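**Student:** Residue numbers (our numbering): 107 to 424.
No residue lacks a Cβ here, since even glycine has one placed at the ideal position from N, Cα and C.
Note that the structure is predicted; figures quoted are calculated from it, not measured.
Please read through the structure below; I'll follow up with questions.
Next comes the structure, spelled out in structure tokens:
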């Protein structure tokens, strides 16, 4: 079901070895692409025409068992960079097949944002049995793109707050009873994750979008960077036990995934990436998202800039 990836000189080109100390203790592991890729793509049912002309920003969860009559076992939230609502797809396996829920789950007219809403980030609050979605849109006060949040009891019907939490592109995690967000390479903190966040350490100055996976005091960070040629998925670890949260720092950076398949734009010219949305297919990978499914770890990512969503699975080395 999975096929290997990567190219390093002198290395087996079917796979790439990466350090994943925060994901698999004291081991080196390999990511492999799904043979089912792509998971989400233009012109699939529900993404015809303009609906599928831009696809980015996945956030994937295993549906909690307290949600009654779910559409599937897994929900993938994603966006159009200039979309008017947050997209949803569902599946019974992390590698699909995925079915688009055509109505969408949160429309801009039900929020305090204007222009568009995008970059959904989903966390599950087991204590309150609530799905919380962070998303961004333009602020009505013309202060640029800001992050808001919404909540749902079923993962489909969301009620949005008008509280501005911080800048755009939140990836949220809870650590020692407080909520943190990694935002364009900088940490932010909030007591409950539903009030404005305070800025802390900047660890990745060129980061575009990030994904996080917390294991005890170790935070695995996956990200891509504006200005890379090609833009690709990188990773590093952050030891949250070292110093205060305003002094956290990134450890060694490693390459995880770069365009190597036709659907990832490998046959397109390599160019220095720029900020903003991709108007055409590019030789770029963006928007990583991590799903921890029991002992399995999946990395979702946007392909060819913002023209589909693929997935790779983390495999332990023998």
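By a C-beta neighbour count over all protein chains shown, 10 Å radius and 16 as the cutoff for buried, is residue 252 buried or exposed?
**Tutor:** The residue in question, residue 252, is buried, as its Cβ has 16 or more Cβ neighbours within 10 Å.
**Student:** Considering only residues of the same chain and omitting the five flanking positions on each side of residue 177, which have a CB-CB separation below 7 angstroms?
**Tutor:** Excluding positions up to five away in sequence, the list reads 196 and 207.
**Student:** If you run the structure through DSSP and keep just helix, strand and coil, what is residue 156?
**Tutor:** Helix.
**Student:** In the structure shown, what three-state DSSP assignment does residue 404 receive?
**Tutor:** Note: residue 404 maps to strand in three-state DSSP.
**Student:** Pull up the CB-CB distance for residue 330 and residue 394, whole angstroms please, since I reckon it's below 8 angstroms.
**Tutor:** Rounded, the Cβ-Cβ distance is 7 angstroms, consistent with contact.
**Student:** In the DSSP assignment, find the unbroken beta strand (DSSP E) run with residue 177 in it and report its ends.
**Tutor:** Where residue 177 is concerned, there is no enclosing beta strand (DSSP E), given that its DSSP letter is neither H nor E.
**Student:** Look up residue 267 in the DSSP assignment and say whether it is helix, strand or coil.
**Tutor:** Coil.
**Student:** Can you tell me the Cα-Cα spacing of residue 155 and residue 254, whole angstroms?
**Tutor:** Cα-Cα distance, rounded: 28 angstroms.
**Student:** Rounded to whole angstroms, what is the Cα-Cα separation between residue 112 and residue 346?
**Tutor:** Low confidence applies to residue 112: its pLDDT is 34, below 50, so where it sits in the model is not reliable enough to give any reading.
**Student:** Taking DSSP as the reference, what is the three-state secondary structure of residue 416?
**Tutor:** DSSP places residue 416 in strand when its eight states are reduced to three.
**Student:** What first and last residue would you give for the beta strand (DSSP E) that runs through residue 222?
**Tutor:** Start and end: 219-231.
**Student:** According to DSSP, is residue 214 helix, strand or coil?
**Tutor:** If DSSP states are grouped into helix, strand and coil, residue 214 belongs with the helices.
**Student:** What would DSSP say about residue 132, mapped onto helix, strand or coil?
**Tutor:** Here the model assigns residue 132 a pLDDT of 39, short of 50, so the residue's position is not dependable, and the following value carries that caveat. If DSSP states are grouped into helix, strand and coil, residue 132 belongs with coil.
**Student:** Using only CA atoms, which one of 185, 166, 233 and 201 lies nearest to residue 243?
**Tutor:** Nearest C-alpha to residue 243: 185.
**Student:** By Cβ distance, which residues of its chain are closer than 6 angstroms to residue 132, with the 5 residues on each side in sequence left out?
**Tutor:** Residue placement at residue 132 is poorly supported in this model, since its pLDDT is 39, which falls under 50; the coordinates are not used for a value here.
**Student:** By DSSP, does residue 252 sit in helix, in strand, or in coil?
**Tutor:** Three-state result, residue 252: strand.
**Student:** Could you check the C-alpha separation between residue 407 and residue 322 for me, to the nearest Å?
**Tutor:** Those two C-alpha atoms are separated by around 25 angstroms.
**Student:** Short of 7 angstroms in beta carbon distance, which residues of its chain neighbour residue 283, apart from the five on each side in sequence? Order them along the chain.
**Tutor:** Hits under 7 angstroms: none found.
**Student:** I'd like the list of long-range same chain contacts for residue 482, defined as Cβ closer than 8 angstroms, with 5 residues on each side in sequence excluded.
**Tutor:** With the chain covering only 107 through 424, there is no way to say anything about residue 482.
**Student:** Sort 241, 256 and 338 by Cα distance to residue 388 and report the nearest one.
**Tutor:** Considering only alpha carbons, the answer is 338.
**Student:** Going by beta carbon distance, what residues of the same chain come within less than 7 angstroms of residue 421, once the five residues before and after it are set aside?
**Tutor:** Taken in chain order, the residues that qualify are 135, 136 and 138.
**Student:** In whole angstroms, give me the CA-to-CA distance for residue 189 and residue 161.
**Tutor:** Going by the C-alpha atoms only, they are around 10 angstroms apart.
**Student:** Buried or exposed: residue 383, going by 16 or more other Cβ atoms within 10 Å of its Cβ?
**Tutor:** Exposed: under 16 other Cβ atoms inside 10 Å.
**Student:** Considering Cα atoms alone, identify which of 213, 276 and 409 is closest to residue 159.
**Tutor:** When only C-alpha atoms are compared, the closest one is 409.
**Student:** Out of 365, 237, 213 and 144, which one is the CA nearest neighbour of residue 169?
**Tutor:** Answer by Cα proximity: 237.
**Student:** Only counting runs of 3 or more residues, tell me where the beta strand (DSSP E) segments fall wholly within the stretch 325-394, in order along the chain.
**Tutor:** Fully enclosed beta strand (DSSP E) runs of 3 or longer: 339-345 and 360-363.
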